[in-house]
Every structure is written in C-alpha cells, then in structure tokens.
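One structure is given below, encoded as structure tokens.
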Amino acid sequence: MIDSPRGSGHELLDESLQGAPIVVPSQPTHTRKLYLESYGCQMNFSDSEIVVSILDAAGFATTRDETEADLILLNTCAIRENAEQRVRGRLRQFKSAKAERPHLVVGVLGCMAERLKESLLEQEKLVDLVVGPDAYRDLPNLVEQVNGGQKAVNVLLSREETYAEISPVRLDTNGVTAFISIMRGCDNMCSFCVVPFTRGRERSRDPGSIVREAHELFEAGYREVTLLGQNVDSYKWNLDIKGQVKDPDQPVVRFAELMELVAQVNPELRIRFSTSHPKDMTDDVLHVMAKYENLCKYVHLPVQSGNTEVLKRMNRGYTREWYLDRMAAIRRIMPECAISTDVMTGFCGETEEEHADTLSLMESVRYEMAYMFKYSERPRTLAERKFENDIPEEVKSRRLKEIMDLQRIHGTARTLAQKGRVYRVLIEGTSKKRDDQYFGRNTFNNVVVFPKGDAQTGTYVNVQTHECTAATLIGEMTEAKADA
Ligand code: 5AD
Ligand code: SF4
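My numbering puts the first residue of the sequence shown at 844, with every later residue one more than the last.
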C-alpha cells in the first residue's frame, strides 16, 4: 500500500507500483500461470485489469513469482524514451530466462507494442508476442498461436473497442478505490505526444456500462472511483465527430452528464477523474462538481507550458490567457478546489523567456502538485517531423530543476495552509510508515495520516489535522464537524 499523493488519467502511478507484479487469487481450474507487470499511466493499470479478466477466462492464474510463470506479459508505456529503456532492460532479463525455460512465452502489450510492432519480434528478437491496446480480446488465441510454434502479433487499432462489457479483475486492490475507464484513445495530436499513434482514435464507452460498473464497485465495498480517459472533457455518447445526434431515441451524454449520473450512484461513493484538457474543460463540468459533495474537489489540468508560442508549437489548442481563465473559472465556481498539472521543459525552440513564462504561470496558479518532465522526442510525432529537438540536455535539466524547486515550495506551502482543519477522510489502508496508523485522503487528494482507533478501512472518518510534512497531513479522529 502507498501513502504518497496519488495522481488522478494519464499521469504516472506511484513509482513503487511501476513494474510491480500483479496477482489475484488463483482457482484450481487454472493450470497455467501468468506474470504481468504494468508500466506508465493509470490507463495501463486499468487495461491490465481487463487483460487479467480475459486471460482468467482462458484458464490463466496470476503469480507474483516470475520463475514459475508460463506466460510473462509487460504492459508498456512509450510516452518518453526512458520508459521504453526500462522495459527493454526487463525484456533482456526475460530473454535469458527463456534460454533456460524454452516453454516460457514472453509478450509485450500496450503502447510500445503498438509503436514497435513487428520490430520487437523480428529485429530485436526479444519477445514471442506483441499485442496492442485494442487487441486484448485476441490474447488467448495469440498465446495458443505461440504455443503452436509461431510468433504472434496483433496491433490493430479499433474505432469501436471500449471493452465495455468485460468486468475488470481488480488487481492489487485495497478494496476501497478503483479505476473505471470511460473512453479510449485521443484525437488531440499534441505535437510532442505519441499517444494518438499508440492508442488510436478517441471513442467513448457506453454510459450505462460505466454506471453499472460504479454500482457494482459500490456494492462490493468500494468507496471511490476514478473515471479515466486521455481527455475526459471530450467524453461524448450518441454524438458523432461533428456533434450531430446519432440516435434521436437515445439520450446524449457528455462528460458533465456522465459525472452527474455517476455522482447519483450513491452519495457515499466518491468520484475523481483524469485527465482534463484545458481547451475542452467547460464551466458546466465545474458546476456539476460544485453541486455534488461526492465529486472530489480536485482537478488535474496539464498546462505543459506557460508560454503561448510554445503552446502553439505543441498544438495544445489554447493560450496562456485561456488557461488562466480556466483557473479563474475553477476558483469562481468552486472556491475550494485543489489543482495539479503536468509541465514539460525544453520543448523544441524553448527560449529562456518562454521558460520564465512557465515559472511565472506556476507562480500565479500555485499548484498543489505537479508532474514535471523533460521533453523527450518521440518517433512519428508532429514535433519530430516539424521541429528540431534543439535544447541541450543540460539546459533541459536545469530548467526542470527550476520548476521542481518552485513546485516544492508551492506544494509545501499548500499543505501547510491545509493544516489545522477537520477533514472528511476516506480510509484507504495502513500507513506505510506506521502499522498503528491509517492513511486516507480528503476531497482535495491530500494524504491524511492518523492513529487507527477502532475505525475500519473503507469508511469515512473526520480527522482533526495538527501537523504536516511536505505532502502529508497528520492528525487524529474527531467527533467535530468536517470543514471539507
Ligand atoms: N516528452 C516528455 N513528456 C511528455 N509527456 C507527453 N509526451 C511527452 C514527451 N514526448 C508528458 C506530458 C503529459 C504527460 C502524461 O506526459 O506532460 O501531460
Ligand atoms: Fe497526448 Fe495531448 Fe492526447 Fe494527452 S491530450 S494523450 S498529451 S495528444
């Protein structure tokens, strides 16, 4: 279990979960063993739950021990070069394991599978199986094909696949919080981003199946769901790309309506979502957030850069002023709402002045939390074809350090400002550092740690906070009314 801040779509999960094996209790009928590691964003972890569900039906049990596996799968990320390097290192280890256990099947799933396709099989000869994010239903057949002595690949992208009716097998779960994938793919074509190439066109999942999944999770004791998509603000059901109604007898559901439907599942079920896009985030989503207490007051809104010219080169579809207007809208509609972001340094042609604009934007927003990256050029993207990756590595690193240092100051100040209040906290589990303490989160996604008393995981308690570290509030349970 982790008790560090958890981001909410396409940002990274906590480092401690990256690559950790995934297990579910095995059944006697399941004779073959699957060892699965996931890398990258929350969407990948959510996809792994679909993969396990599909392979469970084909008779695979999961194992934490790679040495006893018949099938090893890595669900991979291609967003930055270093994410791919990590996976390649791991694949080389498995290649030597294969030399000793020839029956072992090793496969790559996810974004690297889509990006590298046959080259992983043919040129690099690292794996037997390559399966892209829209082809997981084909996994049992493909595994059989490999067992029959052939290599197998399916990297077809789909315009329809949402895995809507597949019940994910919840993996390494705390039984309290879960992800629900509401859409797949991305149509945005930000110039730096490989995702539109690896995950294909945007498509939204049937709202009925989303609400059903939320109900089932609630009935099973879960108390928080995170709605996942690359760009949740452009969720749409029963509308075509031009915005025309497809079936006049069916309701039209956009993200604001979907949030409302999920919020009504039960007031005791908390809802988070990720990731929003500044160009698409409308006031009606913010009004719905303000209307329902169980919609958590936390927005992750990646800015990438604080300079309009850089944003133009990034093809982000908004200006600095537009972004700041969205910040103002959040603050106007929800006086109290935590805001986090993604920032990138050293994008093609970024000048010192443009970088300074990112720092000044951060200064004016004062984010609770930020994921910060150096730009990494990705093959096939618009930026790779159109611009030179011309910022020297040491300049990228220095700029990254500057934004990280600034964010550290803001994050710590934000936590300090939250100290002293009483929060309604959903208990997620035992604190990593102290066995006699629980950790949970308040609506703003702050981690709160407190003595266990006789409270139970998966319930809400009020916690009076009186101390804090840089990112964690410390307190004790109270009968007092919560401020937030
Ligand atoms: N280089 C560095 N960071 C990237 N991101 C996306 N593509 C790249 C890239 N080529 C970052 C963005 C995005 C987050 C998920 O990853 O900040 O919001
Ligand atoms: Fe990539 Fe932009 Fe789509 Fe996010 S919105 S997945 S950054 S193309």
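Quick reminder that beta carbons are idealized off the backbone N, C-alpha and C, glycines included. Only a predicted model underlies this, so the values are computations on that prediction, with no experimental measurement involved.
Coil, strand or helix - residue i by DSSP
i: glutamate 1196; result: helix
i: proline 1294; result: strand
i: isoleucine 1343; result: The shown model of the chain, from 844 to 1327, leaves out residue 1343, and the question about it has no answer.
i: asparagine 925; result: helix
i: histidine 1309; result: strand
i: serine 851; result: A caution first: serine 851 carries a pLDDT of 37, below 50, which makes its placement in the model too unreliable to give a value.
i: isoleucine 1246; result: helix
i: alanine 1327; result: coil
i: glutamate 1220; result: coil
i: arginine 1046; result: strand
i: alanine 863; result: coil
i: glutamate 1067; result: strand
i: leucine 916; result: strand
i: valine 930; result: helix
i: arginine 1251; result: helix
i: valine 1304; result: strand
i: methionine 844; result: Interpretation of methionine 844 is limited by its pLDDT of 30, a score under 50 that renders its predicted location unreliable; the figure taken from the coordinates is listed afterwards. Coil.
i: arginine 1027; result: strand
i: arginine 944; result: coil
Spatially closest choice to residue i from the options, by CA coordinates
i: asparagine 1288; options: Asn918, Ser1203, Val895, Ala1314; result: Ala1314
i: valine 1146; options: Pro1121, Glu1245, Val1291; result: Pro1121
i: asparagine 925; options: Asp1297, Lys1217, Arg1223, Arg1267; result: Lys1217
i: threonine 1005; options: Ile1023, Gly1018, Arg1163; result: Ile1023
i: phenylalanine 1282; options: Arg1115, Val1019, Asp1015, Val1142; result: Val1019
i: proline 1159; options: Ser1148, Ser1001, Val948, His873; result: Per the sequence shown, the amino acid found at residue 1159 is arginine instead of proline. Ranking the options by Cα distance to arginine 1159, first place goes to Ser1148.
i: isoleucine 1053; options: Gly1043, Val1038, Thr1069, Ser1219; result: Thr1069
i: lysine 1262; options: Asp1248, Arg1221, Val1291, Lys1239; result: Val1291
i: aspartate 890; options: Asn984, Arg1027, Ala900, Met1187; result: Arg1027
i: serine 1010; options: Glu1059, Ala978, Val989, Gly991; result: Glu1059
i: threonine 1016; options: Lys1244, Val949, Glu892, Leu982; result: Glu892
i: proline 1235; options: Leu1249, Glu1220, Leu1225; result: Glu1220
i: threonine 874; options: Asn887, Gly902, Ile897, Tyr882; result: Gly902
i: lysine 1295; options: Ala1323, Thr1273, Glu957, Glu1164; result: Thr1273
i: arginine 1259; options: Thr1194, Arg1169, Glu1211, Glu1271; result: Going by the sequence as given, residue 1259 is leucine instead of arginine. Ranking the options by Cα distance to leucine 1259, first place goes to Glu1211.
i: valine 1153; options: Lys938, Gly1189, Arg958; result: Gly1189
i: phenylalanine 888; options: Leu1138, Met1132, Leu1014; result: Leu1014
i: glycine 992; options: Thr1300, Met1205, Lys1275, Pro945; result: Pro945
i: alanine 1106; options: Pro1094, Cys1139, Asn1081; result: Cys1139
i: proline 1050; options: Gly1043, Phe1061, Ala1099; result: Ala1099
i: cysteine 1036; options: Met1102, Arg923, Asp913, Arg1046; result: Arg923
i: glutamate 957; options: Arg1223, Val1238, Gln1250, Tyr1141; result: Arg1223
i: asparagine 1074; options: Pro983, Phe1116, Asp1326, Ala1063; result: Phe1116
Residue environment, residue i, which counts as buried when at least 16 other CB atoms sit within 10 Å
i: aspartate 1233; result: exposed
i: aspartate 1126; result: exposed
i: methionine 1032; result: exposed
i: methionine 822; result: No answer is possible for residue 822: the residues shown for the chain start at 844 and end at 1327.
i: valine 986; result: buried
i: alanine 942; result: exposed
i: lysine 1079; result: buried
i: lysine 1229; result: exposed
i: arginine 1066; result: buried
i: leucine 1316; result: buried
i: leucine 959; result: buried
i: valine 1088; result: exposed
i: glycine 850; result: Confidence is the limiting factor: at glycine 850 the pLDDT is only 42, short of 50, which leaves the residue's position unreliable and the question unanswerable from this model.
i: glutamine 928; result: exposed
i: methionine 844; result: Residue confidence for methionine 844 is low, a pLDDT of 30 falling below 50, so the modelled location carries little weight and cannot support an answer.
i: histidine 1309; result: exposed
i: proline 976; result: buried
i: alanine 1171; result: exposed
i: glutamine 885; result: buried
i: lysine 1324; result: exposed
Enclosing alpha helix (DSSP H) for residue i [first to last residue]
i: tyrosine 1166; result: 1163 to 1176
i: glycine 1051; result: 1050 to 1062
i: threonine 905; result: Note, threonine 905: premise wrong, no alpha helix (DSSP H); beta strand (DSSP E) at 903 to 905.
i: lysine 1229; result: 1225 to 1229
Extent of the continuous beta strand (DSSP E) to which residue i belongs
i: valine 895; result: Element bounds for valine 895: not the beta strand (DSSP E) but the alpha helix (DSSP H), 885 to 900.
i: glutamate 1319; result: 1315 to 1320
i: leucine 879; result: 875 to 881
i: glycine 1284; result: At residue 1284 the sequence reads arginine, which differs from the glycine that was named. Looking at the DSSP string, the run of the beta strand (DSSP E) that includes arginine 1284 is 1280 to 1284.
i: phenylalanine 1216; result: 1212 to 1217
i: aspartate 908; result: No beta strand (DSSP E) contains aspartate 908, which DSSP labels as neither H nor E.
i: arginine 1267; result: 1265 to 1273
i: serine 1183; result: 1181 to 1188
i: threonine 1020; result: 1020 to 1024
Sequence ranges, alpha helix (DSSP H) only - wholly within the region 1125 to 1159, length at least 4 = You should have 1126 to 1134, 1151 to 1156.
inquiry  = Threshold first: 3 residues or longer. Then list the beta strand (DSSP E) segments lying entirely within the region 1075 to 1120, N to C.
reply    = Whole beta strand (DSSP E) segments, 3+ residues: 1113 to 1117.
task = Enumerate, from N- to C-terminal direction, the unbroken beta strand (DSSP E) stretches of 3 or more residues contained entirely within the region 947 to 1002.
result = Residue ranges of uninterrupted beta strand (DSSP E) with 3 or more members, entirely inside the region 947 to 1002 and ordered along the chain, are 948 to 953, 972 to 974, 995 to 997.
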